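One structure is given below, encoded as structure tokens.
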Amino acid sequence: MLADTYIPRRLDDQWKIGFWDVDVAAPLLFFVFVGYLSGTRVAFLACLGVGMLLSRSIARLKADKHPAFAIHWLYWHLPTSPLTAMSATPPSHLRRMVG
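Set out below in structure tokens:
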């Protein structure tokens, strides 16, 4: 009866890196890595700028939409593979559902 009965308030929160959602921070981190691999300061700054612009555009695209908007967009617009296919949902190429 005295066991800890902690109940989490939010189960479906998006993954975060610091204050940012993973899908917003990932392009910036990827381009920082690519810029680091380039070996020059100019290329690093160019990659950093591209990563910041891409992250900012993704954040603006996601604004005022469902929290899982990016996952839904990826499901409907990227081709499926055996690794990403989901058995409980219809294939993404079927756009019209009857029933």
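So the working numbering is basically just the index in the sequence shown, starting at one, shifted up by 1090. Even glycine gets a Cβ: it sits at the ideal position worked out from N, Cα and C. Note that the structure is a prediction, hence the values are computed from the model and not measured.
query = Are the segment 1157-1172 and the segment 1119-1131 in contact at 8 Å, needing three or more beta carbon pairs?
reply = In this structure the segment 1157-1172 does not touch the segment 1119-1131; the number of beta carbon pairs closer than 8 Å is below three.
inquiry  = Suppose you measure from the CA of V1124 to the CA of D1113; what does that come to, to the nearest Å?
reply    = Within the sequence shown, the letter at position 34 stands for residue 1124. Within the sequence shown, the letter at position 23 stands for residue 1113. If you take the alpha carbons of V1124 and D1113, they lie about 17 Å apart.
ask   = In three-state terms, what does DSSP make of I1161?
value = On the sequence shown, residue 1161 is found 71 positions in, with the first residue counted as 1. If DSSP states are grouped into helix, strand and coil, I1161 belongs with the helices.
Reference A1153, options D1111, C1137, T1095 and Y1096, closest by Cα = Residue numbering aside, residue 1153 sits at position 63 when the sequence shown is read from its first letter. The residue with the shortest Cα to Cα distance from A1153 is D1111.
request  = Would you mind reading off the limits of the alpha helix (DSSP H) that contains D1113?
outcome  = Counting from one through the sequence shown, the residue named residue 1113 turns up at place 23. Counting along the chain, the alpha helix (DSSP H) containing D1113 begins and ends at V1112 to S1128.
Alpha helix (DSSP H) segment containing L1168, residue limits = As a working note, residue 1168 is residue 78 in the sequence shown. Under the DSSP assignment, L1168 falls outside any alpha helix (DSSP H); it carries neither an H nor an E label.
query = Using the beta-carbon count (16 or more within 10 Å), is I1148 buried or exposed?
reply = Position 58 of the sequence shown, counted from the first residue, corresponds to residue 1148. Buried is the label assigned to I1148, since at least 16 other Cβ atoms lie within 10 Å of its Cβ.
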